[in-house]
Each structure stands twice: as C-alpha cells, then as structure tokens.
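What follows is one structure encoded as structure tokens, with my remarks underneath.
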Amino acid sequence: MPKIEVPENIFYELLGKKMSDDELVDIFPVAKAELDGHDTEGHVIKIELNDTNRPDLWSTAGVARALKCYQSGNIPRYDFFSTADEEKPSDGRMVIDDESVIGIRDYSIGFAARGRAVDNDLLVNLIQSQEKLCTNFGRKRKTIAMGIYRSDLIKYPVHYAAVDPDSTKFVPLGMDEELSLREICEKHPKGKEYGHIVSSFPRFPYLYDDNNDTLSFPPVINSARIGAVEIGDSDFFIEVSGPILDDLLLAVSILSCDMADMGFEILPVKVRFAKDTPYGREITVPYYFQKPMTASLDLVHHKLGEDLSGEECVAALRKMGVEAVSSGDTITVRVPEYRNDFLHGVDVVEDIMIGHGLGNFEPVMPSDFTIGRLSPEEEFSRKVKGILVGLGFQEMMYNYLGSKREYIDNMHISGDEAVFIANPMSENYEVIRPSILPCLLESESVSGHAVYPHNIFEIGKITVKDDSDNSGTRTINSLGFFSSNAAVGYNDAASYINTLMYFLRKEYTLAEAENDPRFIPGRAARIICNGKDVGVFGETHPQVLESWGCSMPSIMAEIDLDKLLH
Amino acid sequence: MDIDVKNLHPLEVKLLRFVESGEDITEESIISGLGYKVGQCNQAFSWLTAKGCLEEVSRTKKTIYELTDTGRRMKEEGLPAERIYAFLGEKGAHAMPEIAEALGLEKSDVGSAFGLLSSKGALRLNDERKAEVAGELPEDIKDQRAILDKASGAGFLDESELSAAEKKAIAPLAKKRGASSSPFRIQERDVVVFHLTETGEETKAAIISANITGEEFSVLTPQMLQTGEWKNGTFRPYGINAPTSRLIPGRRNAYSEYLQWVKDKLTALGFEEFDGPLVENEFWNGDALFMPQFHSARDIHDVYYVKDPVHARSIEEPWLSQVAATHENGWKTGSRGWGYAFDHEFTRRQVLRSQGTVLSAHQLTKAHIPGKYFGIVRCFRYDQVDATHGADFYQTEGIVVGKDVNLKNLLGLLKMFAEEIAGAEEVKYVPGYFPFTEPSIEVHIKHPVLGWFELGGSGIFRPEVTEPLGIKEPVLAWGLGIDRMALMHLGLNDLRELFTPDIESVRTRRGN
C-alpha cells in the first residue's frame, strides 16, 4: 500500500480549509485512505492509500481533490488536455521519439509547466509524487520513469533515442565528472539501482535537446545541468518514458492535474512517436485518452440491492468527481482525466456506492438456505486427534517452511522428494516440509527442560514430489507422532499404532521398513492398509537424535491420512 | 493456630494424645508407650518439631546394645553352647562333626563352644574322643542367656543401665558395627528429650475437640470392602487444600482448538468447508482472480516460486482460455480487460499459495447455487518473519453464491461474522480495495478487549473473476483476520508463538 507524507500548508491550501484529524479520519474512507499519523512538529500528515489501482490518489493534490469533490460536489475542470478532435497549442514545444528506441523503451512523452517558484515543501512534494508514480505504479521505473527538468535551459525539440552506451557521455546529477551511460550503470548509485532495466540492450535510451545538451539517461538519472531542479525554479519540463503508452499518458495526466491544482500553468508539448499508436503518430500531451464507461441501472440495483434512480446515481458519482449522465436505463460516465480504473460497469457501481454513502445501505442477511459441512478430511482428523489425545499425546502446530538442514540433513535422508523454493528469503525457509517428523524432533531438541515423557503429535500438511499429479507434487494430510523417555521402544510404537487403527476400524499388516535411515534397522515397520503403504513407525535412529542434539530415546510414526481415509 | 489438625499424620496424632505437658518425651517413652518402631518414632519427632509442637530440651550421647537378627534367633533357639550342652545331655556322647551336623552349626563354632564349656568343666572328651557332659552349665553362659532375655523386650540395652556383671556377660556377644553373626551391635546414640510446646498443647486440644484419634482408616482397600471392615471405624479426614501434584494430560493445541471453534461457528452458519494443495500456479494464485500478470503484488519478491517442477503441466480448460481472454480483452464479461498479451507460460509457473482467495476461485468451478463455502487455509507470504509476520500463516476465507446476493447481503454477512465470531460491540464499514472484488468493503469492529480494528476484507467478485470460471450469479467474497483475536484468546502477542515447537509452552497454554 502506498504511503505518502503531506505538508500541512499545501494540503490545507488545496482543500481550501483546515480540517482536524478527526474530520480527516471520518472522510478519508471515500478516498480509500487512512490517517497513518500526524507529525504536528514537522507539520506533516501521513496518509496510507489502499487502492493500488488509483495512482491519482497517491499525492497531496490527489487526496485533496477527492475530499474536496466529495464535500462540494464540484468537479474540477482541466482545459489543457488535447483530445483526438482538439489539439491544444504547443508553441513549438516538442518531443521526438526516434525509431531506435523501439523494443528498448518505446515511448517518451512530456509536458511543461510554469508560473510558480517552487519552495522546499513544494519541491519535496513534487518529488514524492514522481517517486510514487514511478515506484509503485511504474514498478520501480520498469514501466514508468519520470524526469523533471529546467524548461528555460531546453532548446526544443527534445530528442529521445537509443544510443551507444560507451561513446555517449554526460555529467550525471550528483557527480561532477563526465561518465558514459555504461559507466553510470556501474558507478552511479542510481545506475546500480535501475541500470539493470536497460543494461541488457546493445543501445541505451537517451534524452537530449536540439543543442545536443543532455536531459537524462532514462530511466536511470538526469543530467547535472538541465536535469537539476532547484528551489526557486519556476519553469519545468516533465518527461515520462516507458513501454506502455496508456500508463505514460495517465502518469502525465495525474501530474499535470496535480500541478494545475497547485497553481501552475500547464503548457502542452507535441509528441511524435516512433511507431503507430492507437492515437496516431503525433499527439499533444497532456492527452485525454479515456473512453466513456457505462453501467445499466439494472446492474447498479442488482449489485447494491438498492433501487437508486438515475439522478441519484449521477449525484453520487458527482461527489466522486465523476461526471455522468443518466439516459433511460443507462448511466454513462465521463472518466476523469487522471483516472483509468473503469474496466467494467461494476467500477461505476462502486463509485456510486461510495458517493451515495456506505452508511445508507442497510445490512440484510442472505436468505438462501444452505447446509454447513466440514470437509471429510477435517472430520477424519478430528477423530484421529481424539484418539491421540486419549493416548496421552499433546497436539502441536508447526510452520510448514523450514531449512534443508532441519528437514533433510538432520533426518539423514536424500531429500529427493522434497519441494524446494526457488527464491527463498533465507535458508531458514527454503523447503516445504516433506514430513512432520523433523518438526516433532525440533520440539524434542528445544524441550529438554519439559518433564518427560514427551508425547506429541501433529496433524498437518506436508508436500512431496509426485509425478502423477499435474503439479508434480502432492500435498498430504499427515499425522506424525513422537514419544520420548528412557524406556520407550518399538513395542510402545506398535501398541499406539494398533490402538489407533483399531478405533479407526482399519485392518493393517506390517512390513519391514528397509533402508530408512531415520529408524534403527530392524526396529521399524511400514504400515500396509488395503494394499497401500500408508505410513511408517519405529525407534528413532541415534544418528538422527544426535543430529538434532537429543539425548533421550524415542519412537516416532507418520501416517498418510488421505490414503487411510480414501 | 495455623496447624490444620486434619493434615496431621496418625503417628503425630497418637503421639500428641499420649504425651502430657511438662513431661520428658523420649524415643524410649514413645516406643514403649505407643509401640512405635524406631523409624516411626523419629518421623513423628521430626514432623512435630518442624511444626513447633515439640521442642528439644536436652541431647546426650549413650551407648546402646542393639539386638541383631542373630541375637533374636539365639534368644529363641539358644546360644550355641546351650544347644550343644542340651544335645549331649539328651542324646549322649557324640563326635564334634556329628554335633555340628545335627545342630546345623559351623564346625568352628562347635569347636570354640566346646573349648569354653570344657574349660569350665561342663564337658569333656571321652576315650572314643567323643564329647560328653561332665558338669553343670557354667554361670557365664547363664549370664549371657539372661542378657539375651533382658534385651528381647525393647530390642536394645542401655549400657548405663547394666551392672558390671551384665557388662561382662554382654562383651563377648557384642561387636561394633554390625557383623550380623553377633547377637548384639554396639551403637553410639543421641538421647534426645522433648517437651510439648504451647503450640503442641493447642494442637493436642484441637485434636481432642475434633475427635481425631489417629486410629482412623487411612486408605480404603478392596479388602476392607470385601470384609466390611470399613464399617468399624471412620476415615482420616484429608486437608482438602494440600498441594496437588502436576499432571501432564494428552491435550489439543490451544490454537488449533480456536481454529476448530471458528470452523464450527462457520458450519453452524451454513458454510461448507473447502481445502486444497499448498502448491499452486500463477493461474489460480493470480490470473483467475483477475490480477494482471504485471501486477506489483505478483513480483518475485511477493510470492515463493517452486524450484522444481517450475511449471504445472497444464491448466484446466475451459478456464484457461476464458481467463486469458478476459485479461486480454474482457472476453464476454462486459469488461474492457487489461489490454495486454496474456503470458501462457507464466500462468503455469508454480508458487506456494499466497492467499486463501485462491481456493475460493477453485471453488467457483464446482460451486452449487445457492452455496456458502469457507476454508481456513495455510498461506505463504514473502515477508521478513517477525512478531506480526509469519513465513506461513492461516487465512480464513469464503464465498457466498446466490442468484440475488448483493452489497446489502454482504454487509449483513459481515455483521454476522462480527457479532458471532468476534463478539463485536459495534461495526463500521469502509470502502476497501482488492483486485478481485468490486465493490470492496472493509469491516472494522469494536472488540470488547482489543478496541477498534479491521476484522476483514470483502466484496463482490468482479464479473471478470466469476464468469470465466462458469458462474453467472453474483458471488460475495470475504476474508477474516482472526489471528489477532486468536492471540488475544491465547494471551499471546507474537504470531510466531502460534507455531512454537516448545513443548512446555504448548502444554501450559490455554484459551480464554
């Protein structure tokens, strides 16, 4: 969930009033926001945003806009957007994408803004918006990278091309020597962090102006001159690059609306693409690309269980900043410039629900009659647990992930049937347990202080490889039990098994458990039930006890309850 | 007085009843008065002294001749010299080996006894070298006999009470430290004199007024029941507050019992349980839930991938084609879709189930209408393990399928969970966000102990989730965060504790 820090003064200025924390807590849900804290000394409000599909809300201006709309019902107008039909004047500002970028990072688009000298708060806030869009929405710059530049130093048109990473050099932000693009990837902190996005290509993306002055090496780092925005600057060029055009257009729309809300004049920039797009080869940015979305009143009624009229729906949407018209059975929504989350009529329904007020819907129980039922496996496991408890065993519960050392090495088994994780976070959690027995032995190894005898069991899941399944694995509901004390032996284990099987009404025979290094040879048996090998029990091999650091003799058993049940 | 007379042992009771204030109480007086054995006497002294009923007033050392088993036997059967003398008197002259054999004595004992008796003129050897009676039994043998008889009452003799003649007589019969072949063992012993204390007097008075005699039955035996002997007396009352011993019973795990309770609640509310394997694939773990394949929650740093086999062999049709089309262009759902090319290899990639909703998606393909389903299932999250994050944990999830279920039913359902499962006092609904539901609702509850917290997330499954899996009807989906309540229920504050391997900790854990 994205979290943002909002400077009080900018936030209240955008809201048009000051609001108390209690008022904010009450109204934040309409933006799916939560008050995460309020630093009254630093004058910063911390907000967590829950809707990962609404990047427009991840900024001070975005949250303020949503709240203001909800309270006033006034939808803000942004007149700097071009559409397919109407192009706003770009006054010679232009970005030209060169064909060389196709397949590397296909698009770069941008707009300019001017009119307000940035102070520290505003600059920090702008950089935060940029970061949220690039990190959260843009998947750590993979799909969106954004640069802010000093527009007054740029000679348009700006050129976006893929260039030779070794011969192209400039002074990157934060350094005072000229480096090649490849050297930036190797030496610059941002290069080390983001260079991998493009470093496998023979040519790297590069942004420069008509004087051949460098703007940046997207998506890695700006230049130290045009790309170094400072407090007091008031003329900006904002550029966004990435492989998915709609995401870039949305990012530009969000940032331009935010800056307009904060008092900037937005100056459109014409973009010439390197290839055909659904919007043509040349558009002017910011560009309104969204299509209307419709929802039938029937859908609204069916989903919400409330027969709202078309007018009520339109009024509710207005509070959400969404312009809509109701005609006959259909609500048609003009998607706001800064949003692209209307995929289906149900997305309209949700905005109607929030705008109408969740408190206005009465909870009603579903009236359908259904029969409650436990799974057969659960019922069987309860029966088994009852018997084990009666035999004096303590039920345990364990994690299902562990280390190779515990699950395999300490058990002296090959581990061939264990299912490993490809991307473990640490070697403590690298295998799904192939058996319950190592978990029981871990208990024994950490419980020397507990009064003996130790009689413990668990019914839980284990996973082993199994070629006969589509996944190549099988998850098994398994019973493991373990008993340790100075005098315990094979006969005790055999008696427990016998008692358990008697009360489960299962006939069984035993077969010598051969070559099982977990048990003392000749003192372990496989349990055969209905011709199926359902489990094993016996005296724990001293080499296993030694590996676990256990100094008490023990017996242990494991039974596949799925095989026993079915 | 803080002595519970019911807790006194019969040995203590009888002793207290026997003694009087001011009198000297000694081992000898108790043994002779109450017939206690030495050990019983010492136990009674030590318990009563510890309780403050007796106090030691003096302690002197003395020498004791204690009768051994050999001594007791000799008292009954006679000293070897007596027996040989009597035998020869009755049966006439016999050779030494014949005597030894007839009396069952060692030849050496016979030899030394004969030596003694012949030197006093009581026996002699005849011409056939057989022993025969020659005169009276000597006095010192009679003296030894007298000493044995004297000792047989108390089982010991006090040296200070013996005459010079008796001391002379006992000397050859006694040895220090017990060769059991000697009739007497010489022991140095402390003679301790006790007096009844004030507490002792009070205790004695309390015993008498409670009518406790020390003769009460202690245990009821099968024999007493068979013979009816129990009718002849009363039973010693027990102190009911005596410390108890610790039992270690077979027991369910407290967390598992809590989960079972939740399952029982849900089945009582009409829900049917589902379950599934731990290894899933990207298709069910994300694609079927309409999470775009490029969604940030599907990054390698959020899900555990299976190393081998990397991919599932296939994904079931028609679900695969329908879901893929829905992602690409909305299929027939009325959605515009995500508008990207669905990756058919990625979708087969195997992962550890990261959310319980996966099983709700599976259930859609086999759901009855109307139907209510739930599962409490283990999930895996790529998180650093700490007090609030486990590598694997339980999620409680479910769905309600019905022809006309809607938002108001969802609110009703959440209210029911809040009241029935969480015991909530107040319920608050706020809009939420989940990639697979629209609208989405979070339910916050005011818990009697925990205060306000988020109990769960819910929503109506998007048509992009249900329709490709063959369900035309609306589906309410919900998930409850029950671990917080489980921790409270168990008095814990660290999620890791739920799966602790520590036996002692699990043995003593209990729910509220």
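Chains as they are written, first to last, in the numbering used here: chain A, 75 to 640; chain B, 263 to 774.
Glycine residues also receive a C-beta, built at the ideal position from the N, C-alpha and C atoms.
These figures come from a predicted structure and were not determined experimentally.
Contacts of residue 213 of chain A in chain B (Cβ-Cβ under 8 Å): Working through the first sequence from its first residue, we reach residue 213 of chain A at position 139. What residue 213 of chain A touches in chain B: 556, 558 and 561.
Through-space distance from residue 540 of chain B to residue 146 of chain A, alpha-carbon basis: Indexing the first sequence from 1 puts residue 146 of chain A at position 72. Indexing the second sequence from 1 puts residue 540 of chain B at position 278. Cα-Cα distance, rounded: 50 Å.
Neighbour flag for residue 650 of chain B against chain A, beta carbons, 8 Å: Numbered from 1 along the second sequence, position 388 holds the residue referred to as residue 650 of chain B. Answer no: the Cβ-Cβ gap between residue 650 of chain B and chain A never drops below 8 Å.
C-beta atoms of residue 290 of chain B and residue 457 of chain B nearer than 8 Å: Here residue 290 of chain B is taken as the residue at index 28 of the second sequence, counted from 1. Here residue 457 of chain B is taken as the residue at index 195 of the second sequence, counted from 1. No. Outside cutoff.
Cross-chain neighbours of residue 595 of chain B in chain A, by beta carbon under 8 Å: Numbered from its first residue, the second sequence carries residue 595 of chain B at position 333. Near residue 595 of chain B (Cβ distances below 8 Å), the residues of chain A are 418.
Residue 331 of chain B versus residue 419 of chain B: straight-line alpha-carbon distance, rounded: Within the second sequence, the letter at position 69 stands for residue 331 of chain B. Within the second sequence, the letter at position 157 stands for residue 419 of chain B. Going from the Cα of residue 331 of chain B to the Cα of residue 419 of chain B covers about 15 Å.
CB-CB length for residue 613 of chain B against residue 566 of chain B, believed under 8 Å: In the second sequence, residue 613 of chain B corresponds to position 351, counting from 1. In the second sequence, residue 566 of chain B corresponds to position 304, counting from 1. With a Cβ gap of about 6 Å, residue 613 of chain B and residue 566 of chain B count as contacting.
Residue 702 of chain B versus residue 123 of chain A - alpha carbon distance: Start at 1 with the first residue of the second sequence, and residue 702 of chain B comes out as number 440. Start at 1 with the first residue of the first sequence, and residue 123 of chain A comes out as number 49. Roughly 14 Å between the two C-alpha positions.
Whole-Å CB distance - residue 246 of chain A paired with residue 298 of chain A, under 8 Å assumed: Your numbering for residue 246 of chain A matches position 172 in the first sequence. Your numbering for residue 298 of chain A matches position 224 in the first sequence. Indeed they touch by this definition, with Cβ atoms about 6 Å apart.
Within chain A, partners of residue 422 of chain B - CB distance below 7 Å: For the purposes of this step, residue 422 of chain B is taken as the residue at position 160 of the second sequence. Per Cβ cutoff of 7 Å: no residues; residue 422 of chain B is ~52 Å from chain A at best.
C-beta neighbour in chain A for residue 518 of chain B, strict 8 Å: As a first step, residue 518 of chain B is located in the second sequence; it is residue number 256 there, counting from the start. Cβ-Cβ to chain A under 8 Å: yes for residue 518 of chain B.
Interface partners of residue 530 of chain A on chain B, CB under 7 Å: Residue mapping note: residue 530 of chain A aligns to position 456 of the first sequence, counting from 1. Within 7 Å Cβ-Cβ: 765.
Minimum Cβ-Cβ distance from residue 630 of chain A to chain B less than 8 Å: Mapped onto the first sequence, residue 630 of chain A falls at position 556. No, no contact with chain B.
Element boundaries [alpha helix (DSSP H), containing residue 280 of chain B]: Taking the first residue of the second sequence as position 1, residue 280 of chain B is located at position 18. 272-280 is the span of the alpha helix (DSSP H), which, as asked, contains residue 280 of chain B.
Nearest candidate by alpha-carbon position, reference residue 340 of chain B, set B/407, B/690 and B/584: As a position in the second sequence, residue 340 of chain B is number 78, starting the count at 1. Comparing Cα-Cα distances from residue 340 of chain B to each of B/407, B/690 and B/584, the minimum goes to B/407.
Where the stretch 705-736 of chain B meets chain A: residues whose CB sits under 8 Å from a CB there: 722, 724, 725, 726 and 736
Buried versus exposed, by CB contacts within 10 Å (16 or more), residue 455 of chain A: Sequence index remark: in the first sequence, residue 455 of chain A carries index 381 (1-based). Buried: at least 16 other Cβ atoms inside 10 Å.
Extent of the continuous alpha helix (DSSP H) to which residue 134 of chain A belongs: The count along the first sequence starts at 1 and reaches residue 134 of chain A at position 60. Residues 134-146.
Proximity test, Cβ basis, 8 Å: residue 375 of chain B and chain A: Translated into positions along the second sequence, residue 375 of chain B becomes position 113. No, because no Cβ of chain A sits closer than 8 Å to the Cβ of residue 375 of chain B.
When B/538, B/545 and B/642 are compared against residue 451 of chain A, the one with the closest alpha-carbon: Position 377 of the first sequence, counted from the first residue, corresponds to residue 451 of chain A. It is B/538 whose Cα lies nearest to the Cα of residue 451 of chain A.
Beta carbon proximity, residue 609 of chain B to chain A, threshold 8 Å: For the purposes of this step, residue 609 of chain B is taken as the residue at position 347 of the second sequence. Not closer than 8 Å to any Cβ of chain A, the Cβ of residue 609 of chain B fails to qualify, so no.
Inter-stretch contact at 8 Å, needing at least 3 Cβ pairs: the stretch 442-452 of chain B / the stretch 313-329 of chain B: yes
Counterpart residues of residue 452 of chain B in DSSP-defined beta bridges: As a working note, residue 452 of chain B is residue 190 in the second sequence. Answer by DSSP bridge pairing, in chain order: B/323.
Close-in-space but distant-in-sequence residues of the same chain around residue 380 of chain A (CB under 7 Å, 5 per side omitted): Walking along the first sequence from the start, residue 380 of chain A turns up at place 306. If we look at residue 380 of chain A and ignore the five residues flanking it on each side, its Cβ neighbours are 435.
Nearest-angstrom Cα separation, counted from residue 469 of chain B out to residue 285 of chain B: Against the second sequence, residue 285 of chain B aligns to sequence position 23. Against the second sequence, residue 469 of chain B aligns to sequence position 207. Each residue's alpha carbon lies about 19 Å from the other.
Residue from A/283, A/626 and A/291 with nearest C-alpha to residue 220 of chain A: Looking up residue 220 of chain A in the first sequence gives position 146. Here the closest residue by C-alpha is A/291.
Residue 464 of chain B versus residue 460 of chain A: straight-line alpha-carbon distance, rounded: Locating residue 464 of chain B in the second sequence gives position 202, where the first residue counts as 1. Locating residue 460 of chain A in the first sequence gives position 386, where the first residue counts as 1. Taking the straight line from one Cα to the other gives about 53 Å.
Secondary structure of residue 488 of chain B, DSSP reduced to three states: Locating residue 488 of chain B in the second sequence gives position 226, counting from the first residue. Three-state result, residue 488 of chain B: helix.
Integer-rounded CB distance, given that residue 459 of chain B should sit under 8 Å from residue 315 of chain B: For this step, residue 315 of chain B is matched to residue 53 along the second sequence. For this step, residue 459 of chain B is matched to residue 197 along the second sequence. Going by Cβ atoms, the distance from residue 315 of chain B to residue 459 of chain B rounds to 6 Å, so yes, they are a contact pair.
8 Å Cβ cutoff, residue 618 of chain B in contact with chain A: Position 356 of the second sequence, counting from 1, holds the residue named residue 618 of chain B. For residue 618 of chain B, the answer is no, since every Cβ of chain A falls outside 8 Å of its Cβ.
Residue 405 of chain B, DSSP secondary structure in three states: Taking the first residue of the second sequence as position 1, residue 405 of chain B is located at position 143. Residue 405 of chain B falls in the helix class under three-state DSSP.
C-beta neighbour in chain B for residue 411 of chain A, strict 8 Å: Position 337 of the first sequence, counting from 1, holds the residue named residue 411 of chain A. Taking Cβ atoms only, chain B never reaches closer than 8 Å to residue 411 of chain A, which makes this a no.
Residue 550 of chain B versus residue 111 of chain A: straight-line alpha-carbon distance, rounded: Residue 550 of chain B sits at position 288 when you count from the first residue of the second sequence. Residue 111 of chain A sits at position 37 when you count from the first residue of the first sequence. Near 36 Å, if we compare the C-alpha coordinates of residue 111 of chain A and residue 550 of chain B.
Interface flag, residue 669 of chain B vs chain D, CB-CB below 8 Å: As a matter of chain content, chain D is missing from the structure shown, whose protein chains are A and B.
Buried versus exposed, by CB contacts within 10 Å (16 or more), residue 579 of chain A: For the purposes of this step, residue 579 of chain A is taken as the residue at position 505 of the first sequence. Looking at its Cβ environment, which holds fewer than 16 other Cβ atoms inside 10 Å, residue 579 of chain A is exposed.
Interface positions of the stretch 343-376 of chain B facing chain A (Cβ-Cβ less than 9 Å), listed along the chain: none
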